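Asks:
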Amino acid sequence: MYSRAHSYLIVSGQKTPVCYDARMIMSTNIVARSSSECLIKCLVITKQNLRGINFMSPVRSCSCVPKLNNIWYNVTADLNVSCLAFVSHCSNSFDYVIEMHKCYSMINNLMDWYAAGRACNNASGHLLAADDQYENLAAQLF
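Under our numbering, the first residue of the sequence shown carries the number 470, and numbering increases by one thereafter.
1. Could you check where the beta strand (DSSP E) with I522 kicks off and where it finishes?
2. Let me know the secondary structure DSSP gives Y471 once reduced to three states.
3. For a minimum of 3 consecutive residues, which ranges assigned as the beta strand (DSSP E) are wholly contained in the stretch 563-607?
4. In chain order, what residues of the same chain have a beta carbon less than 8 Å from the beta carbon of M493, not counting five sequence neighbours either side?
5. Going by DSSP in three states, S481 sits in which element: helix, strand or coil?
6. Between which residues of its own chain and V487 is the CB-CB distance below 7 Å, once the five residues before and five after are set aside?
7. In the structure shown, what three-state DSSP assignment does S496 receive?
8. Please report the distance separating the alpha-carbon of L537 from that of H595.
9. Tell me, to the nearest whole angstrom, how far the beta carbon of K510 is from that of C531; I am working on the premise that it is less than 8 Å.
10. Does the beta-carbon distance from A588 to I576 come in below 8 Å?
11. Look at V500 and R520 and say whether their C-beta atoms are less than 8 Å apart.
12. Let me check understanding here. Comparing Cα to Cα, which of M569, I522, N578, L579 lies closest to V556?
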């Protein structure tokens, strides 16, 4: 399932509608009449390895953004071109961080390591262990 793309990092802590930056070299651009057609075509083109899409209705432009590892996905909140971006979604208690393609839930209560670990496990998650510089940056900005 795909839902509208938002970022919590563009405007610190605020859920802001975004689109993928059109200058990213890894995206594939095609023509589509609707966001549904864009999604279906992109799933085929990427062989189900789809991170998300950008769709611009006025010009029938569709960008397919594939799944890649160890990369920071650039996004923009400049939506004056009627851009709609869609991404896979997270469970309700987690926020999707589009720049990393990961789900996070930030608990702002001060806890010791063990209590924090239990709280994360109870939410079907785990304590953050940043795998690379991009995830570390996302955690700092989130």
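Each residue gets a CB set at the ideal place from its N, CA and C atoms; glycine is no exception.
No experiment lies behind these values; they were computed from the predicted model shown.
Replies: Working from what's here:
1. Position 53 of the sequence shown, counted from the start, is the residue given in the question as residue 522. Taken as a continuous stretch (DSSP letters only), the beta strand (DSSP E) holding I522 covers 519-525.
2. Along the sequence shown, one-based indexing puts residue 471 at 2. Reduced to three states, the DSSP call for Y471 is strand.
3. 564-566, 571-573
4. Here the question's residue 493 lines up with position 24 in the sequence shown. Answer for M493: V534, Y542, N543, listed in chain order.
5. Translated into positions along the sequence shown, residue 481 becomes position 12. Coil at S481, not helix or strand.
6. Locating residue 487 in the sequence shown gives position 18, where the first residue counts as 1. For V487, where only same-chain residues beyond five positions count, the Cβ hits under 7 Å are A474, H475, S476, I479, V544, T545, A546, A554, I567.
7. Here residue 496 refers to the residue found at position 27 of the sequence shown. In the structure shown, S496 sits in coil (DSSP, three-state: anything other than H, G, I, E or B).
8. What you label residue 537 is simply residue 68 of the sequence shown in a count that begins at 1. What you label residue 595 is simply residue 126 of the sequence shown in a count that begins at 1. Approximately 22 Å, taken between the alpha carbons.
9. One-based indexing of the sequence shown puts residue 510 at position 41. One-based indexing of the sequence shown puts residue 531 at position 62. That pair is a contact at about 7 Å.
10. If you number the sequence shown from 1, residue 588 lands on position 119. If you number the sequence shown from 1, residue 576 lands on position 107. Yes; because the gap between Cβ atoms is below 8 Å, this pair is in contact.
11. By one-based count along the sequence shown, residue 500 stands at place 31. By one-based count along the sequence shown, residue 520 stands at place 51. No.
12. Taking the first residue of the sequence shown as 1, we reach residue 556 at position 87. That would be I522, whose Cα lies nearest to the Cα of V556.
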